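*Asks:*
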Amino acid sequence: MADPARILLPFDDELISAPETGEVLYIRPPAFLPQGFADFPHIVCEQGFKPFSDRLTQENLTVVPTASGKFPMVLLALTRSRAENMANFARACRVVSVGGQVVVSGDKTDGIDSMLKAVKKVYEVDGVLSKSHGKVFWLTPTGPAPEAWEAAVEPKQNTFGYLTAPGMFSPEKIDVGSEMLTAYFDKSIKGAVADIGSGWGYLAKNVLEKCERLTSLDLFEAEYAALEASKINVTDERAAFHWTDVTTLEKPADPYHTVICNPPFHQGRTADPALGISFITAAARIMKPSGQFLMVANRQLPYEAAMDMHFKSWEILEQDRAFKIIRARRPLKRQA
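The sequence shown begins at 0 in this note's numbering and counts up one residue at a time.
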């Protein structure tokens with residue numbers, strides 16, 4: 000896990016200082032800011048991941064999915080996507096005021112070393128510090144970054160005709176597990192349907208095309224960019240789009256007949272079954288008593304106990320060496 004305090008090292012060592020006035024932009028900040036940020040002027044957090052956005056908002060910070068304007072200083076935390084990181088850096092150089100500084104922090108596993116090497120070919124870097132298997136570096140940009148860095152994450156159609164971008168789940172090809180799940184989109188799916196963790200809309204588009212008795216589909220997705228792409232990929236009037244932390248969904252007044260899902264299974268680089276279990280819990284909570292839940296999962300992930308806990312019955316419809324398709328019915332009454 001990235002060290003959220005590492006980005007403060009050059010400030011703590013008095014190598015650089017926060018601007019006295021104006022807003023500091025922080026691109027892709029962690030869910031919680033260290034205490035050292037209390038000394039900064041107003042911070043604008045650009046965070047498109049809804050769970051982190053919600054937690055930052057709870058700290059009374061200004062949080063937006065996409066920021067605009069100019070800033071006297073820009074901070075950047077790296078993600079797992081190299082293309083997204085380079086694009087975010089290029090944009091940081093574009094939106095920082097003349098004479099302002101850009102500060103970048105990231106783990107080695109997120110590509111901080113390769114980014115620093117690329118940046119040094121374009122700019123003079125003011126300083127570099129190392130801590131906790133990562134680095135923080137800072138510079139005063141003297142011009143724009145290469146256009147290709149920012150252009151690399153512009154949404155574009157993949158070979159299957161879907162609008163996607165680097166940083167989204169499986170942007171270049173159809174996920175094999177998701178494709179397996181669509182084989183079970185049949186006439187049993189009707190009425191109100193929810194797609195939780197809907198990504199850029201592959202499952203949603205397919206369930207709308209295959210299930211004529213479906214009357215409405217709510218897409219719930221935590222990543223703002225993926226949800227925006229899904230609005231282009233899914234044009235059926237029955238669809239509605241929600242930027243949401245799925246794990247916080249409450250039981251609706253009119254629960255869903257069917258919930259479909261290809262849940263996330265990692266945050267960072269380590270598989271975490273608790274994420275999938277939280278989606279299973281949410282699905283049971285928002286379903287009708289007679290409803291069904293259709294899910295694809297990596298075969299080795301242990302979701303069976305969660306199915307027993309939240310549903311009266313469930314079955315594995317299909318499995319191969321990599322994936323399993325699960326159908327669960329009749330959520331238990333403990334859901335609230």
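The beta-carbon is built from N, C-alpha and C at its ideal position, and this holds for glycine as well. Computed from a predicted structure; not experimentally measured.
1. Between L213, D235, P165 and K204, which has its C-alpha nearest E222's C-alpha?
2. Confirm, please, whether the CB-CB distance from V152 to V73 is below 9 angstroms.
3. Is the number of C-beta pairs between the stretch 121–135 and the stretch 55–70 that are closer than 8 angstroms three or more?
4. Contact defined as beta carbons within less than 8 angstroms: I believe G200 pairs with N232. What is the distance between those atoms, to the nearest angstrom?
5. Is it buried or exposed for D106, if we count other Cβ within 10 angstroms and need 16 for buried?
6. Can you tell me whether E208 is buried or exposed, with buried defined as 16 or more other CB within 10 angstroms of its CB?
7. How would you label D109, buried or exposed, when you count the other beta carbons within 10 angstroms and need 16 or more for buried?
8. From N261 to R5, what distance separates their C-alpha atoms?
9. Bridge partners for L202 per DSSP, in chain order?
10. Output the distance between the C-alpha atoms of A1 and T214, rounded to the nearest integer angstrom.
11. On a Cα-Cα basis, can you pick out the residue from L32, F36, L14 and F48 that is closest to V245?
12. Of the choices I111, F88, E178 and Y161, whose alpha-carbon is the least far from that of T139?
13. Have a look at the DSSP bridge pairing and note the partners of F292.
14. A76 and P28 - do their beta-carbons sit closer together than 9 angstroms?
15. Under 8 angstroms, with one C-beta from each stretch per pair, do the stretch 131–145 and the stretch 160–179 reach the 3-pair mark?
16. Is it buried or exposed, T257, if we count other Cβ atoms within 10 angstroms and call 16 or more buried?
17. By Cβ distance, which residues of its chain are closer than 8 angstroms to G133, with the 5 residues on each side in sequence left out?
18. To the nearest whole angstrom, what separates the beta carbons of I279 and M306, a pair I think is in contact under 8 angstroms?
19. Taking the alpha helix (DSSP H) that T61 belongs to, which residues open and close that run?
20. For E208, which beta-bridge partners are listed by DSSP?
21. List the DSSP bridge partners of S104.
22. If I'm right that A66 touches F39 with Cβ under 8 angstroms, what's the distance once you round it to whole angstroms?
23. T20 to I42, Cα distance in whole Å?
24. Would the beta-carbon of Y201 be found less than 8 angstroms away from any heavy atom of the ligand MG?
25. E83: which of M294, S52 and A147 sits nearest, CA to CA?
26. Cα-Cα, which of Q291, L216, G290 and D253 is closest to L202?
*Replies:* This is what the structure holds:
1. The shortest Cα separation from E222 among L213, D235, P165 and K204 belongs to P165.
2. Contact annotation: V73 and V152 have beta-carbon atoms that are not nearer than 9 angstroms.
3. Not touching, per the Cβ criterion.
4. G200 to N232, Cβ: 4 angstroms. Contact.
5. With 16 or more Cβ atoms within 10 Å of its Cβ, D106 is classed as buried.
6. Exposed is the call here.
7. Buried, by the Cβ-count rule.
8. For the pair N261 and R5, the Cα-to-Cα distance works out to about 34 angstroms.
9. Beta-bridge pairing by DSSP links L202 to no other residue.
10. Cα to Cα, the separation comes out at about 43 angstroms.
11. Distances from the CA of V245 to each of L32, F36, L14 and F48 were compared; the closest alpha carbon is that of F48.
12. Just measuring C-alpha positions, the residue of I111, F88, E178 and Y161 sitting nearest T139 is F88.
13. Beta-bridge pairing by DSSP links F292 to V258 and A327.
14. The beta carbons of P28 and A76 sit closer together than 9 angstroms.
15. Judged by Cβ distances under 8 angstroms, the stretch 131–145 makes no contact with the stretch 160–179, as fewer than three pairs qualify.
16. Classification for T257: buried.
17. Cβ neighbours of G133 beyond the five flanking positions: A1, D2, R5, S104, G105, D106, K107, D109 and I111.
18. 7 angstroms between Cβ atoms; contact.
19. Taken as a continuous stretch (DSSP letters only), T61 belongs to no alpha helix (DSSP H), being part of the beta strand (DSSP E) at T61 to V63.
20. As far as DSSP is concerned, E208 takes part in no beta bridge.
21. According to DSSP, S104 bridges with A76 and V135.
22. 16 angstroms between Cβ atoms; not a contact.
23. Between T20 and I42, the C-alpha separation is close to 11 angstroms.
24. The ligand MG is not part of this structure, which contains no ligands at all.
25. For the residues M294, S52 and A147, the minimum Cα distance to E83 belongs to A147.
26. Looking only at Q291, L216, G290 and D253, the smallest Cα-Cα distance to L202 is reached by L216.
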